[in-house]
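Asker:
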Amino acid sequence: MDLQLPDNLVTTIEDPGDCPPARWGILGAGGIARQFLNDAREGTACEVTAVGSRSLERAEGFASEHGIERAYGSYEELVASDAIDAVYVATPHSEHRAHAVLALEAGKPVLVEKSFTRNAAEAREVFDVAARTGLFAMEAMWSRFLPHFVVARALVASGAIGGVVEVVGDHGQSLEHIQRMWDPTLAGGALLDLGVYPVSFIHSVLGVPESLRSQGHLLATGVDASSATSFVYPKAIAVATTTLRAVSPTRAWIAGTGGRIDFDTAFYRPGGITVTLAEREPFRWQFDHPGGGFQFEIAEAARCIDAGARESDVMPWSATVEVLEMMDEIRRQLRVRFPGEPSLRPGHPVGGRD
Ligand SMILES: NC(=O)c1ccc[n+]([C@@H]2O[C@H](COP(=O)([O-])OP(=O)(O)OC[C@H]3O[C@@H](n4cnc5c(N)ncnc54)[C@H](OP(=O)(O)O)[C@@H]3O)[C@@H](O)[C@H]2O)c1
């Protein structure tokens with residue numbers, strides 16, 4: 001469908017309901033798996049035909065609750081199933097590398113929840129396997145596929161707001177009660193769960209910074225509770241804030257020499273933008289659609305898989321690796337290291353300074 005923007009600019013969004021009918025298997029019957037299931041069914045032509053859990057009882061419970069044909073009591077059985085075309089990895093961050101590789105080695109393309117892996121080195125390992133097997137792999141950074149993100153990118157690319165000078169993103173939720181958020185062995189902390197949204201947003205507008213500086217607070221377990229990070233680019237600055245200790249406004253904006261784009265709160269979810277161009281009335285843009293918003297990324301994955309593509313142009317492998325390099329540098333400066341990770345040394349590609 002065509003979307004009309006100011007100054008006769010038109011951008012196009014493909015209807016997720018028209019995507020190829022891929023059959024998905026969910027790996028990990030946890031919290032986020034439910035939203036994937038609902039949005040795949042309500043908003044796309046895909047179906048969820050199997051679920052795999054570490055426990056057969058949990059898999060069967062999830063399958064009968066949601067009317068899924070097949071339930072498997074191990075991830076190995078799920079990825080080997082003939083009933084699925086692709087795997088959605090919905091486990092904690094610490095497990096993503098192993099589970100994505102498991103699926104790829106079994107010949108199944110993968111959509112892996114954000115953050116894609118714990119660090120950039122693990123992401124490169126997964127993409128190496130995807131390259132070797134010739135299979136599709138993508139980080140489920142759903143926000144990049146939402147209509148208001150597509151429109152904002154089109155506006156920036158058109159020059160409508162002039163040269164970008166400042167990009168700001170925030171994401172705070174009160175999640176201290178969730179054990180996974182505290183646990184270093186599950187790669188917990190605010191950054192990988194929540195902070196990845198503002199960092200990925202900044203990257204989607206400005207790319208890799210020349211340098212970044214990050215400060216914050218840690219929980220008693222050593223994972224990050226809150227952080228504030230500033231990024232410097234040749235002609236722009238950016239700021240990302242995140243916390244798991246409070247519900248913050250979760251706003252974002254892009255300010256340029258000729259205008260500004262303000263995202264609704266919470267910016268990473270379905271919503272709208274307000275565009276303020278120099279000497280004009282602010283213009284509000286919102287595209288209402290059913291479902292929770294995952295349907296746009298699911299449809300993109302189904303289209304890429306159907307076309308034989310290994311990666312998406314909207315969320316390419318390079319973007320996932322670069323965002324993780326930025327987050328590696330943030331964690332190095334915050335002194336957050338997950339069990340078994342090699343030390344995150346200075347001299348990182350992002351160019352942080354102590
Ligand atoms: N896109 C979004 O809006 C959004 C929102 C929330 C979370 N997420 C992302 O989704 C992923 C999962 O988050 P979640 O909140 O759904 O997690 P969760 O409910 O804590 O765990 C998901 C499932 O992972 C499986 N699992 C495998 N190994 C595990 C281990 N060692 N410890 C615990 N569980 C393990 C479990 O399934 P079985 O027991 O069935 O094997 C569990 O139910 C994360 O990457 C997170 O960042 C995305």
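The sequence shown finishes on residue 354 if you use the numbering used here, and the numbering steps up by one all the way, no holes. We treat Cβ as the ideally placed atom computed from N, Cα and C, and that holds for glycine.
1) Any idea if S94 is buried or exposed, counting beta-carbon neighbours within 10 angstroms, 16 or more meaning buried?
2) In the DSSP output, what is W253 paired with across the bridge?
3) Assuming K212 is part of the beta strand (DSSP E), what are its boundary residues?
4) Straight-line CA distance for S115 to S158?
5) Run through DSSP, which three-state label would T11 get?
6) Count the other CB atoms, across all protein chains shown, that sit within 10 Å of the CB of F283; report buried if there are 16 or more and exposed otherwise.
7) Of all the options Q286, S81, Y88, which has the alpha carbon lying nearest to the alpha carbon of Y72?
8) Expressed to the nearest angstrom, what Euclidean distance is found between the alpha-carbon atoms of R251 and D288?
9) Return yes when at least one heavy atom of ligand 1 lies under 6 Å from the C-beta of D183, else no.
10) Could you tell me which uninterrupted alpha helix (DSSP H) segments, each at least 4 residues in length, are contained entirely in the segment 8 to 73, listed from first to last along the chain?
11) Helix, strand or coil for C88, going by three-state DSSP, please let me know.
12) Is S355 near ligand 1 - that is, is its Cβ less than 6 Å away from at least one heavy atom of it?
13) Suppose you measure from the CA of A278 to the CA of A255; what does that come to, to the nearest Å?
14) How far does the beta strand (DSSP E) with D224 in it extend, from its first residue to its last?
Answerer: Quick look at the numbers:
1) As a first step, residue 94 is located in the sequence shown; it is residue number 94 there, counting from the start. The residue in question, S94, is buried, as its Cβ has 16 or more Cβ neighbours within 10 Å.
2) In the sequence shown, counting from the first residue as 1, residue 253 sits at position 253. Answer is V168, D262, bridged to W253.
3) The residue labelled residue 212 in the question sits at position 212 within the sequence shown. Position check: residue 212 holds Leu in this sequence, whereas Lys was assumed. L212 -> beta strand (DSSP E) spans 211 to 218.
4) Position 115 of the sequence shown, counting from 1, holds the residue named residue 115. Position 158 of the sequence shown, counting from 1, holds the residue named residue 158. For S115 and S158, the distance between alpha carbons rounds to 30 Å.
5) For the purposes of this step, residue 11 is taken as residue 11 along the sequence shown, with counting starting at 1. It is a strand residue.
6) Taking the first residue of the sequence shown as position 1, residue 283 is located at position 283. Per the 10 Å Cβ criterion, exposed.
7) Numbered from its first residue, the sequence shown carries residue 72 at position 72. Out of Q286, S81, Y88, S81 has the C-alpha closest to the C-alpha of Y72.
8) Residue 251 sits at position 251 when you count from the first residue of the sequence shown. Residue 288 sits at position 288 when you count from the first residue of the sequence shown. Using only the alpha carbons, I get a separation of about 19 Å.
9) Taking the first residue of the sequence shown as 1, we reach residue 183 at position 183. Answer for D183: no, Cβ out of range of ligand 1.
10) 31 to 43, 56 to 66
11) Within the sequence shown, numbered from 1, the residue matching residue 88 stands at position 88. In the sequence as displayed, the identity of residue 88 is Tyr instead of Cys. If DSSP states are grouped into helix, strand and coil, Y88 belongs with the strands.
12) No answer is possible for residue 355: the residues shown for the chain start at 1 and end at 354.
13) In the sequence shown, residue 278 corresponds to position 278, counting from 1. In the sequence shown, residue 255 corresponds to position 255, counting from 1. About 11 Å.
14) Mapped onto the sequence shown, residue 224 falls at position 224. First-last of the beta strand (DSSP E) with D224: 224 to 232.
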